[in-house]
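Each remark here refers to the structure printed beneath this line.
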Amino acid sequence: MNAAVSVIIPTYNNRELLRDSVGSVLNQSFADFELLIIDDGSKDNTAELVKTFTDKRIKYHYKTNGGTASARNMGIAKAAGKYITFLDSDDFWPRDYLKTMVNALDLHQDYGMAYCTITQEWPDKKQKKSFRIEYCVSGNIVKELFNKNFVMAQTAVCRSEMIKDFRFDESLRWANDYDGFLRMSAKCKFLFISDVEVILRIRPDSDSGGQTLSGDMSTNKAGALERFFFRLEGSKYVSRTKAMRRLANCYKEAAKCYLREGCRKAALASIKKAISYQPKNLKLYLFLTKAALTISKDKMPNWISPQPLAAVESSS
898 MNAAVSVIIP TYNNRELLRD SVGSVLNQSF ADFELLIIDD GSKDNTAELV
948 KTFTDKRIKY HYKTNGGTAS ARNMGIAKAA GKYITFLDSD DFWPRDYLKT
998 MVNALDLHQD YGMAYCTITQ EWPDKKQKKS FRIEYCVSGN IVKELFNKNF
1048 VMAQTAVCRS EMIKDFRFDE SLRWANDYDG FLRMSAKCKF LFISDVEVIL
1098 RIRPDSDSGG QTLSGDMSTN KAGALERFFF RLEGSKYVSR TKAMRRLANC
1148 YKEAAKCYLR EGCRKAALAS IKKAISYQPK NLKLYLFLTK AALTISKDKM
1198 PNWISPQPLA AVESSS
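Next up, the structure:
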């Protein structure tokens, strides 16, 4: 008999924190689940750690390194539960997380997915609760989600029939969950649950901790928004005026990050993209002038603007 919930944990070289994440799943008050640990090519003996877990609900799968999106996709393909949910290997759930989320979806059969917000936690245990809760809504949330990213993979519980034929875009290193849930929001209603929060641990050596180029993260996000609006019928849900403003802001954000990180060529290309979406915005031209006059050694002189994202399944 299949479990009610398939929990997917993608992991890569995160052995010690994985122990806590797995523990938070095994400690859930809701016990009818399978736990799929997808090892994305770890080299830190993650497999040896998993062998120390004796719980029969745990299923371990190793794959060559391909990124978080590819690991989540493998988990979706192997999941057998009525519901499918995700947890990153450095985060953890409160004890009643699954119980609360599953009960909500059982009660609201017309919603395809439930999500909650997060509490950010730093290594010194300092916390910031209810991250982006002011944006969280229930229902048909395409417009709201296009305008702001407030649904994260580790806070989502999906009905399997909604996600079984769905895949995260493996070409996106960052923002692949934002891209994926934006596409999904055009297929079903989302239910916001305010009663629980996922603990997201901020690590200095992680992407979220700031060791990657934040300009690249913003550029990935902009590419996903462009594809959704121009190629996946996003214009049925979002007005052109609002879409152009959102895209301009994303590229302006990328330009600011690139300039701060010493990537002049990337900054110039990004602000020019912003201008292409809002050519009457004088502030964008002022930023272009600032970037053009910046004199510094470019950290990425051979930077090339990313190509448009490849087609994915229709959002209709």
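Per the numbering used here, residue 898 is the first one in the sequence shown, and the count goes up by one each step. Every residue, glycine too, gets a C-beta built ideally from N, C-alpha and C. Given the structure is predicted, the values throughout are model-derived calculations rather than measurements.
Under the three-state reduction of DSSP output, THR943 falls in the helix class. Looking only at GLN1051, LYS1187, ARG969, the smallest Cα-Cα distance to MET998 is reached by GLN1051.
Beta-bridge pairing by DSSP links VAL902 to PHE930, TYR980.
Listed in chain order, the non-local C-beta contacts of ARG1064 below 6 Å within the same chain comprise ASN970, local neighbours out to five positions each way being set aside. SER1193 places its beta carbon 9 Å or farther from that of SER1115. Going by DSSP, VAL1093 is part of the beta strand (DSSP E) stretching over 1087-1098. Per DSSP, the unbroken alpha helix (DSSP H) holding ARG1128 starts and ends at 1111-1128. From the listed residues PHE1125, ILE1090, SER1068, the smallest Cα separation to ASP1113 is found for SER1068. Taking a cut-off of 8 Å on C-beta distances, the stretch 1037-1052 touches the stretch 1126-1138, as three or more cross pairs fall below it.
Restricting attention to alpha helix (DSSP H) runs no shorter than 4 residues, the stretch 986-1052 encloses them at 994-1004, 1039-1044, ordered along the chain. The alpha-carbon of ILE1090 is positioned some 44 Å away from that of LYS1187.
For the set GLU1058, ASP1062, MET1059, SER1027, the Cα lying nearest the Cα of MET1049 is the one of SER1027. The secondary-structure analysis by DSSP pairs VAL1054 across a beta bridge with THR982, ALA1011. For LYS1153, the uninterrupted alpha helix (DSSP H) segment begins and ends at 1137-1157. Excluding sequence positions up to five before and after LEU1088, its CB lies within less than 8 Å of the CB of ALA1001, LEU1002, HIS1005, TYR1008, MET1010, ALA1011, TYR1012, SER1035, all in the same chain and listed in chain order. For the set ASP929, LEU1190, LEU1042, ALA968, the Cα lying nearest the Cα of PHE1126 is the one of LEU1042.
The DSSP-derived three-state label of THR951 is coil. Between the stretch 1076-1086 and the stretch 983-992, the count of Cβ pairs shorter than 8 Å is below three; the stretches do not touch. In this structure, DSSP gives LYS960 an extended state, which the three-state scheme calls strand. Across the structure, CYS1154 and ASP993 are spaced so that their CA atoms are roughly 38 Å apart.
Listed as beta-bridge partners of ILE935 by DSSP are PRO907, HIS958. Non-local beta-carbon contacts of LYS1023 in its own chain, meaning distances under 6 Å to residues more than five positions away in sequence, are absent.
When only Cα atoms are considered, THR949 and ASP1066 end up about 33 Å apart. Rounded to whole angstroms, the separation of the alpha carbons of LYS1139 and ASN910 is 40 Å. Taking 9 Å as the cut-off, the Cβ atoms of ASP936 and THR943 count as close. With a cutoff of 9 Å on beta-carbon distance, GLY938 and GLY972 are scored as not near each other.
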